[in-house]
Amino acid sequence: MFAILSRTLPSLITKSPIIPSFRPLTNANHSFTSLLAGFKNTWMPSTPLLGDIRTKSCLRTNKSAAKRFKVMGNGRIKRKKAGKRHNTGHKGRSRVNRLAQGAPISEKSIENRMRILISG
Numbered sequence: 001m002f003a004i005l006s007r008t009l010p011s012l013i014t015k016s017p018i019i020p021s022f023r024p025l026t027n028a029n030h031s032f033t034s035l036l037a038g039f040k041n042t043w044m045p046s047t048p049l050l051g052d053i054r055t056k057s058c059l060r061t062n063k064s065a066a067k068r069f070k071v072m073g074n075g076r077i078k079r080k081k082a083g084k085r086h087n088t089g090h091k092g093r094s095r096v097n098r099l100a101q102g103a104p105i106s107e108k109s110i111e112n113r114m115r116i117l118i119s120g
């Protein structure tokens, strides 16, 4: 039985109307790409994938930091003062006006970190 199948099976595969250019594997060294060499690979993308294109990494702007801190004209970073959102009824007008003004960040190390977050 095995002898009959081994003689007829290769002729059936090579004369298949579905896959006309199919050749059975004779060596174990054949790879999948060598099998597909006879076929036109229409399913493969013609452009390289995005992972190949995006090799340069860039730092993204931290939007929460960019909305809270602003860079002044002299290069320093300005922050808003706390305590003016609500409960200002018992506070004096001069105090509330003072809280409305911005204040520069005093520590240089914090300012440098904020500059990296804002600029991106």
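Each residue of the sequence shown is one higher than the one before, starting from 1 at the first, in full-length UniProt numbering. Ideal Cβ positions, reconstructed from N, Cα and C, are used throughout, including at glycine. No experiment lies behind these values; they were computed from the predicted model shown.
- Cα-Cα, which of 73, 85, 118, 72 is closest to residue 100? Measuring from the Cα of residue 100, the nearest candidate turns out to be 85.
- Task: Just list the beta strand (DSSP E) runs in the stretch 70–94, keeping only unbroken ones of 3 residues or longer that don't cross its boundaries, in chain order.
- Result: List check, beta strand (DSSP E) in window: 77–79.
- Ordered along the chain, which non-local residues of its own chain (more than five positions away) have a Cβ less than 6 Å from that of residue 83? Its chain contains 99 as the residues whose beta carbon lies nearer than 6 Å to that of residue 83, once the 5 sequence neighbours on both sides are disregarded; these appear in chain order.
- Item | Enclosing alpha helix (DSSP H) for residue 59 [first to last residue] | Per DSSP, residue 59 lies in no alpha helix (DSSP H) segment and is marked neither H nor E.
- Message: Tell me which residues share the same chain as residue 61 and place their Cβ nearer than 8 Å to its Cβ, disregarding the 5 neighbours each side in the sequence.
- Response: Closer than 8 Å at Cβ, skipping near neighbours: 117, 118, 119, 120.
- Alpha carbon to alpha carbon, how far is residue 90 from residue 80? Taking the straight line joining both Cα atoms gives about 20 Å.
- Query: Between residue 66 and the rest of its own chain, which residues show a CB-CB distance below 6 Å, the 5 nearest in sequence each way excluded?
  - Reply: Only 118 meet the Cβ criterion.
- Is the beta carbon of residue 68 less than 8 Å from the beta carbon of residue 104? Cβ atoms of residue 68 and residue 104: not closer than 8 Å.
- Task: Return yes when the Cβ of residue 70 is within less than 8 Å of the Cβ of residue 78, no when it is not.
- Result: It is a contact, given that the beta carbons lie within the stated cut-off.
- Residue span of the alpha helix (DSSP H) that contains residue 118, given as start and end: Per DSSP, residue 118 belongs to the alpha helix (DSSP H) from 108–119.
- Message: Within 10 Å of its beta-carbon, does residue 114 have 16 or more other beta-carbons around it, so buried, or fewer, so exposed?
- Response: Label assigned to residue 114: buried.
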